[in-house]
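Visitor: I have a structure I would like to understand better, so I am pasting it below and will then ask my questions one at a time.
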């Protein structure tokens, strides 16, 4: 059976963190097949700061992930929300 394909939105990462570093960090949870950076509709040359990864999920990614010493927040359909401070639902 094929792994489910999930689109993971990544928030709170500075532009200095490369797409390759982000894909490597999420590679522990499945195969990352694409990384895109959305732009603002009215200004298509300005990125909005989020990144969207296409992930063939093997394991469930956490809500928060540290990438190159930066704490990123992840969001995807079907995830269980936890508090960023106490880690409880």
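Numbering (the UniProt record's numbering), first residue to last: 1 to 89. From the three backbone atoms N, C-alpha and C, an ideal C-beta is built for every residue, glycine too.
Thinking C-beta only, is residue 5 closer than 8 Å to residue 70?
Guide: Not a contact, by the Cβ cut-off of 8 Å.
Visitor: Taking Cβ positions, are residue 53 and residue 34 nearer each other than 8 Å?
Guide: Yes, the pair counts as a contact, with Cβ atoms nearer than the cut-off.
Visitor: Since I believe residue 74 is in contact with residue 89 (beta carbons under 8 Å), could you give me their beta-carbon distance rounded to a whole number of angstroms?
Guide: With a Cβ gap of about 16 Å, residue 89 and residue 74 do not count as contacting.
Visitor: To the nearest angstrom, report how far apart residue 31 and residue 17 are at their CA atoms.
Guide: Between residue 31 and residue 17, the C-alpha separation is close to 19 Å.
Visitor: Quick one: measure Cβ to Cβ for residue 58 and residue 29, integer angstroms, because I've assumed they're closer than 8 Å.
Guide: That pair is a contact at about 6 Å.
Visitor: What first and last residue would you give for the alpha helix (DSSP H) that runs through residue 21?
Guide: Counting along the chain, the alpha helix (DSSP H) containing residue 21 begins and ends at 19 to 26.
Visitor: Taking the DSSP output, what are the residues bridged to residue 90?
Guide: Absent from the model: residue 90. The displayed extent of the chain is 1 to 89, so no value can be given.
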